[in-house]
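Written below as structure tokens is the structure these notes are about.
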Amino acid sequence: MTTQPTCLYCQQANPIHETECRQCGMPLPVEAAKAGERRLRRFTWFCAGLTIFCIVMFFWLPRSIV
Ligand SMILES: [Zn+2]
């Protein structure tokens, strides 16, 4: 997933690997964008793990509870 870093000051979308805003020259929040991407990836793995856990529990636990 690639997201264009947006300037916090003028909301100008800048190309990736750009360190300063093309419109106003202010430094772009590159580190924040990277951290967000890493957090999203971790969340995706968490969801995948939870899904696998649910499937395992579905087959492992007894079906008929009378
Ligand atoms: Zn700007």
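Numbering of the sequence shown is given in our numbering, commencing with residue 2 and proceeding in unit increments. Every residue, glycine too, gets a C-beta built ideally from N, C-alpha and C. Quick caveat: nothing in here was measured; it's all calculated off a predicted structure.
Hey, how far is the Cα of P30 from the Cα of R39?
Rounded to the nearest whole angstrom, the C-alpha separation of P30 and R39 is 15 Å.
What I want to know is whether the C-beta of Q13 ends up closer than 7 Å to one or more non-hydrogen atoms of ligand 1.
Relative to ligand 1, Q13 has its C-beta within less than 7 Å of a heavy atom.
Where T7 sits in the DSSP three-state scheme
Residue state, collapsed to three classes: strand.
Classification of C11 by the beta-carbon crowding that lies within 10 angstroms, buried from 16 upward
Under this definition C11 is an exposed residue.
Please confirm whether P28 and N15 have their CB atoms less than 8 Å apart.
Taking 8 Å as the Cβ cut-off, P28 and N15 do not qualify as a contacting pair.
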